[in-house]
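Working notes, beginning with the structure itself.
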Amino acid sequence: MSAAVVLMNSADNVMELKELETLKVEEDEQVKAAAVVAASHADDTELEELRKSRLMRASVEAQDPSTKEVDDLTIRRFLRARDLDIEQASAMFLKYMKWRRDFVPKGSITASEVPNQIAQNKMFLQGSDKKGCPISVILGYRHFQDSLKEFKRFVVYGLDKVCAKIPPGQKFIAIGDLEGWGYSNSDVRGYLGALSILQDYYPERLGKVYIIHAPLIFMTVWKIVYPFIDNKTKKKIVFVENKMLKSTLLEEIDESQLPEIYGGKLPLVPI
């Protein structure tokens, strides 16, 4: 091969390297620009939410002075639940305040008010996910239809305990385990009651719920309940195949925080 050919090939290689470097720089600049736009959009959204939360607070305080005691994060949760619509969020929040006074007049539900539900030993408060969000486990086969009023009190009892552990601005994760579930455990009224409480009075608290070991017969009940689930909640529901159980849970939960029954290291802790 002549020296001229070698020099030409070398020059071509240098040009290719320079072109690649130029493309890499352009890609990096595009990524940076996209990040700036995303950050700017996030800042704008945050400012808009903050502005509307102040307007919402003024609105609800004018109608119910007791709302002055409510923190800003709570106001903003209700606002997000209604896509920053101040009128709808205010109505939802005021309904919540009235419900809370009527249903939980002492400020909290005590274990002595839900003895039969606690005796079923069906709800557990575990560790936390990778974001520090608390994890709740519910064993569906241990639930049996009983007093609807006591069950609703138990739902509030459980949700209050879970929510008390949520870091500011975060949510909780639930694992609904239906292994062993049968028609004797079916309780459509109870399920709808729990769903209503979660959606109407604990907005933006649930981050995700994993439904695991769901038997085929459960789908009959699921078809009844599903239409009552709002779109925001539907997006948080994940049905997990048995063969993908551990790997799916480990995406969000460290093994040290995962319950032993799912391949982790933590024993179940009754709520």
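Per full-length UniProt numbering, the sequence shown starts with residue 1, numbered consecutively. All C-beta atoms, glycine included, are put in the ideal place defined by N, C-alpha and C. Here the structure is a predicted model, which is why all the values come from computation and not from measurement.
- Around the Cβ of ASP129, a 10 Å sphere holds 16 or more other Cβ atoms; the residue is buried.
- A straight line joining the alpha-carbon of VAL209 with that of LYS232 spans about 12 angstroms.
- By the neighbour-count criterion, in which a residue is buried when 16 or more other Cβ atoms sit within 10 angstroms of its Cβ, LEU139 is buried.
- In this structure the segment 182-201 does not lie against the segment 49-66, because fewer than three pairs of beta carbons, one per stretch, are closer than 8 angstroms.
- If you compare the alpha carbons of ASP85, MET219 and GLN117 with that of LEU148, the shortest gap goes to GLN117.
- For ASP72, there is no enclosing beta strand (DSSP E); the enclosing alpha helix (DSSP H) covers residues 72-81.
- Each of TYR157, ARG77 and ASP177 was checked against the Cα of ASN242, and the nearest Cα belongs to ASP177.
- Closest by C-alpha distance to ALA91, out of SER59, ASP72 and LYS106, is SER59.
- Rounded to the nearest whole angstrom, the CA to CA distance from SER136 to PRO227 is 24 angstroms.
- Closest option to SER112, judged by alpha-carbon separation, among ASP230, ARG82 and ARG153: ARG153.
- Between GLN199 and ASP160, the gap from beta carbon to beta carbon reaches 9 angstroms or more.
- Cα atoms of TYR141 and GLU255: separation of roughly 25 angstroms, rounded to the nearest angstrom.
- Nearest to VAL104 by alpha-carbon distance, out of LYS52, TYR157 and PRO115, is TYR157.
- With 16 or more neighbouring CB atoms inside 10 Å of its own CB, THR67 falls in the buried class.
- According to the DSSP assignment, PHE151 belongs to the alpha helix (DSSP H) that extends over 148-163.
- Non-local C-beta neighbours of ILE237 in its own chain, meaning closer than 6 angstroms and more than five positions away in sequence, comprise VAL209, ordered along the chain.
- The alpha-carbon separation between GLN120 and THR45 amounts to approximately 44 angstroms.
- In this structure, the alpha-carbon of ASP71 lies about 18 angstroms from that of GLU48.
- Spanning the alpha carbons of ASP43 and PHE93 requires a straight line of approximately 25 angstroms.
- Boundaries around MET123 are those of the beta strand (DSSP E), 123-128, since no alpha helix (DSSP H) includes it.
- Apart from the 5 residues on each side of it in sequence, ILE166 sits with its Cβ closer than 8 angstroms to the Cβ of CYS133, PRO134, PHE172 and ARG205 in its chain, given in chain order.
- The three-state reading of DSSP puts LEU206 in strand, counting E and B together.
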